[in-house]
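Everything below concerns the one structure shown next.
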Amino acid sequence: MDMVKIAVLLAAYNGVKWLPAQVESILQQKNVDVNIFISVDSSSDATEAWVSELALNNTQVKVLPHGEHFGGAGRNFYRLIRDVDFSEFDYIALADQDDIWLADKLSAAHERILESCASGYSSNVTAFWSDGRKVLLDKAQHQRKYDFLFEAAGPGCSYVLKVSDALEFKRFVIANWSRVCEVSLHDWLVYAWFRSSGLSWYIDPVSHMLYRQHSNNQFGANTGIKALVARLSLLRSGWYRGEVSKISGLLADKAQGLPASLLKQGKIPSSFLIRNWASLRRRFRDRVFLLVMVVLGIY
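Per my numbering, the sequence shown starts with residue 703, numbered consecutively.
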């Protein structure tokens, strides 16, 4: 039997220090046929040169044309989804530049997708620091009716998507390019699109990767007091509500149970949030936190 073919979409930026270990861990995946497609946000550390040389010496690696400045991982991933022809693959997987994948990461995703008949997959991940610390990040709580409008399924670097549905998402991205690029977090938008389209999503409670934490992470492990302070800051600034509004507006004709008129206005009334607070986030403490923020008028 032929092995499943997986297109790994890797977004890079000033990542030459970490890319060798990450790429090696992807190429060493067991029981799958892997090709890596790399898009580099204009860098100052010779990342472009490193990936170009890698592609010259490895037929499993393809590099998209250099020279674009994306200003964040989200738009870089949108570019990968738009420009890579993955129609001949079975799945696409998203990859950051600085993690380390366990050898069964992709084969386990394939098995879980088959078992659960899911269209999208994500998993718990193991955050790790340079001092040797490791922490399991648990994202596998029971999915809620509206959680996709308020959070991602987990780190995008754990995502694996069936290609038939990924192609539909690609068409959505192309048709709504300008508005899609306004959404900061690609992993949140991917999950929201899949769920709002009525597609099944499986969150694996088992970690199959090491999720590197360092000062250059655009978004990290979200643990501890500093993470709580940062979350409050994002709420106070209006950033979080703004992202909810952007995603809700984009999915106005898809999301079930939310009045389309409210979604198209980009605002979900506080009364709706309070009434449905138990359906907005997967983790109980996150549901309570969001409810309190709404009641206090901070959200």
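Glycine included, each C-beta is placed from N, C-alpha and C at the ideal position.
Tyr-904 carries a strand assignment under DSSP once its states are collapsed to helix, strand and coil. In the displayed model, Phe-791 falls within coil according to three-state DSSP, outside both helix and strand.
Under the three-state reduction of DSSP, Tyr-913 is assigned to strand. A straight-line Cα-Cα distance of about 16 angstroms links Met-995 and Ser-947.
Note that the C-beta distance between Ser-824 and Ala-855 is below 7 angstroms.
Separation of Lys-764 and Arg-938 (C-alpha to C-alpha, rounded to the nearest whole angstrom) is 42 angstroms. Taking Phe-779 as reference, the option from Ser-754, Val-742, Ser-789 and His-812 with the minimal CA-CA separation is Val-742.
Taking C-beta separations shorter than 6 angstroms and ignoring five residues to either side along the sequence, the partners of Lys-847 in its chain run Ser-981, following chain order. Closest in alpha carbon position to Asn-737, among Ala-842, Trp-903, Ala-932 and Phe-791, is Phe-791. For Ala-894, same chain residues with a beta-carbon under 7 angstroms away, outside a window of 5 residues either side, are Phe-850, Leu-851, Ile-949 and Leu-953 in chain order.
In this structure, Ser-821 is the residue among Ser-821, Arg-943 and Pro-857 with its C-alpha nearest to the C-alpha of Ser-902.
DSSP, reduced to helix, strand and coil, places Tyr-942 within a helical segment of the structure shown. Within the same chain, and ignoring the five residues on either side of Arg-983 in sequence, the residues whose Cβ sits closer than 7 angstroms to its Cβ are Arg-846, Asp-849, Phe-852, Glu-853, Arg-989 and Leu-992. With distances taken between CA atoms, Ala-805 lies nearest to Met-911 out of Met-911, Leu-796, Arg-835 and Arg-933. Scanning Gly-774, Leu-721, Glu-870 and Ser-754 for the CA closest to the CA of Leu-766 turns up Ser-754.
Taking a contact as a CB-CB distance under 8 angstroms, the pair Gly-769 and Ser-744 counts as one, their CB atoms being some 7 angstroms apart. When the five nearest sequence neighbours on each side are left out, the beta carbons in the same chain lying within less than 7 angstroms of the beta carbon of Lys-732 are those of Ala-805, Asp-806 and Ser-809, in order along the chain. DSSP, reduced to helix, strand and coil, places Ile-708 within a strand of the structure shown. Judged by DSSP secondary structure, Leu-839 falls within the beta strand (DSSP E) whose first and last residues are 836-839. In this structure Arg-835 is exposed. Its beta-carbon is surrounded by fewer than 16 other beta-carbon atoms within 10 angstroms.
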